[in-house]
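> In our numbering, the protein residues as written are 16 to 113.
Got a structure for you, questions after.
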């Protein structure tokens, strides 16, 4: 006896409220007692393509203020930046932009 398929009612997926209202993320590099200032500048230039002046200014923020925002974007981009910074032995994290 053949099986008869009946139509099935499909409900629209519910959009996650947090995902729908996702604010941009910022990537923060933190000061650490290990890396030289010249190395931090080098990594910022290499990973983000910053000019020597911009990378140096960010490095000085890290050194004097304890941290600097070095990039922003969606969650996936921020996660990738943090991963790459960790690969270069820098302390980095991400958080929602204020």
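Glycine included, each C-beta is placed from N, C-alpha and C at the ideal position.
Being a predicted model, the structure only gives us computed values, none of them experimental.
#1: Going by beta carbon distance, what residues of the same chain come within less than 6 angstroms of residue 48, once the five residues before and after it are set aside?
#2: Considering only C-alpha positions, which residue in the set 59, 24, 40 and 88 is nearest to residue 77?
#3: Can you give, in chain order, each stretch of the beta strand (DSSP E) that sits fully within the region 45–113 and has at least 3 residues?
#4: What separation, rounded to the nearest whole angstrom, lies between the Cα atoms of residue 69 and residue 75?
#5: Is it buried or exposed, residue 45, if we count other Cβ atoms within 10 angstroms and call 16 or more buried?
#6: Exposed or buried, what is residue 51 when buried is set at 16 or more other beta-carbons lying within 10 Å of its beta-carbon?
#7: Tell whether a beta-carbon distance below 7 angstroms holds between residue 42 and residue 93.
Inspection of the coordinates gives the following:
#1: Contacts found: none.
#2: 59
#3: 82–88 and 107–111
#4: Straight through space, the alpha carbons of residue 75 and residue 69 are spaced by roughly 10 angstroms.
#5: exposed
#6: Burial call: exposed.
#7: yes
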